[in-house]
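Visitor: Numbering follows the UniProt record's numbering, with no gaps: position 86 of the sequence shown is 86. Every residue gets a Cβ at the ideal spot worked out from N, C-alpha and C, and that includes glycine. None of these values were measured; they are calculated from a predicted model.
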Amino acid sequence: MSTLRVALTQMTSTDDPSQNAAYTTDAIRAAAADGAQFIATPEVTNCLSMSRAHQQNVLHTQETDPTLALIRETAAQAGVTVLLGSLALLGGANDRFLNRSILIGPDGGIITHYDKIHMFDVDVDADTIFRESEGFAPGAQAVTANAAGTTLGLSICYDMRFPALYAALALAGARIITAPAAFTVPTGRAHWEVLLRSRAIETGSYVLAPAQCGTHPGSGRTTWGHSLIISPWGKIIAQAGDAPCTITADLDLSAVETARKAIPALANRRTFAAPSPT
């Protein structure tokens with residue numbers, strides 16, 4: 001039986017990247033000391049801010065980002081694979097930012113990165129209105145990577161509402177799909193668990209969802225938390241509450257093949273003609 005110990009860091013990022021980097025490195029070191037081989041952090045680990053002017057002042061490109069440099073060094077020192085769930089970075093099209101997951105190997109090298117495809121442009125209610133695409137440029141490329149002895153598929157937050165992306169990742173070989181997030185409280189309460197369990201069941205994959213939580217200093221935004229580790233059968237293996245913490249689990253990687261053999265939904269997929277508009 002091939003097993004992988006994973007750890008998800010749940011945190012309350014501020015609008016101060018240096019403060020967030022210090023918390024993240026401490027969490028990675030602690031998880032590694034507990035035997036974790038793969039450690040993932042939430043969306044916008046380095047800076048959660050609602051001010052584009054502030055972001056412009058404190059963010060960096062991938063090549064110059066001090067948080068990334070520090071986490072690469074920490075991963076190498078600990079000998080672990082780390083997914084920075086996402087960093088907010090300079091360098092997007094039309095003077096926008098990037099919302100980028102970065103996968104770091106146990107040697108500190110960058111294995112791959114993924115830019116969030118689906119932008120959170122929503123009107124949930126009068127108090128929950130977002131236009132992510134005004135500040136962030138969307139990605140256009142789905143990404144898988146071999147790391148930590150398995151194949152990972154990368155997604156970010158709102159991506160989880162688009163099952164075709166998850167199917168594409170699984171069909172490309174992903175056995176674990178990551179979904180770092182900074183979910184709103186109303187959508188988290190209603191949809192968080194059911195979306196993530198559905199994506200795990202549909203693809204027969206482990207789903208790892210490290211989340212932001214609490215009220216974020218500097219922005220006033222409040223996020224849902226409740227980080228999840230979900231089995232390929234849709235069972236919740238580990239779950240956080242609404243405060244900063246780290247959750248861990250030992251994943252039996254053979255469970256992916258077991259689930260996909262029992263319910264071969266990926267293999268049974270068929271193309272079909274779309275209905276005509278009525």
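Can you check which of these residues, F120, L152, A273 and T187, is closest to R175 by C-alpha distance?
Guide: L152
Visitor: Taking a contact to mean a Cβ-Cβ separation below 8 Å, would you say T14 touches G218 in this structure?
Guide: yes
Visitor: Can you name the start and end residues of the beta strand (DSSP E) that A44 belongs to?
Guide: Looking at the sequence provided, one finds Val at residue 44 rather than Ala. No beta strand (DSSP E) contains V44, which DSSP labels as neither H nor E.
Visitor: So what's G225 in DSSP terms, helix, strand or just coil?
Guide: coil
Visitor: Which residues mark the beginning and the end of the alpha helix (DSSP H) in which residue 279 is found?
Guide: An answer regarding residue 279 cannot be provided, because it is not within the stretch 1 to 278 covered by the chain.
Visitor: Distance check for L103 and L253, CA to CA, integer angstroms please.
Guide: 19 Å
Visitor: From V122 to F183, what does the alpha carbon distance come to, in whole angstroms?
Guide: 12 Å
Visitor: Excluding the 5 residues preceding and the 5 following N96 in the sequence, name in chain order all residues of the same chain whose CB lies nearer than 7 Å to its CB.
Guide: The question names Asn, but residue 96 is Arg in the sequence shown. Hits under 7 Å: G135, F136 and A137.
Visitor: In its own chain, which residues sit with a C-beta less than 7 Å from the C-beta of L87, not counting the 5 before and 5 after it?
Guide: T45, N46, D65, T67, L68, R100 and I102
Visitor: Within 10 Å of its beta-carbon, does K261 have 16 or more other beta-carbons around it, so buried, or fewer, so exposed?
Guide: exposed
Visitor: Would G85 and P180 qualify as a contact pair, given that the criterion is a beta-carbon distance under 8 Å?
Guide: yes
Visitor: What distance in whole Å lies between the Cβ atoms of A32 and A78, which are believed to be in contact at a cut-off of 8 Å?
Guide: 4 Å
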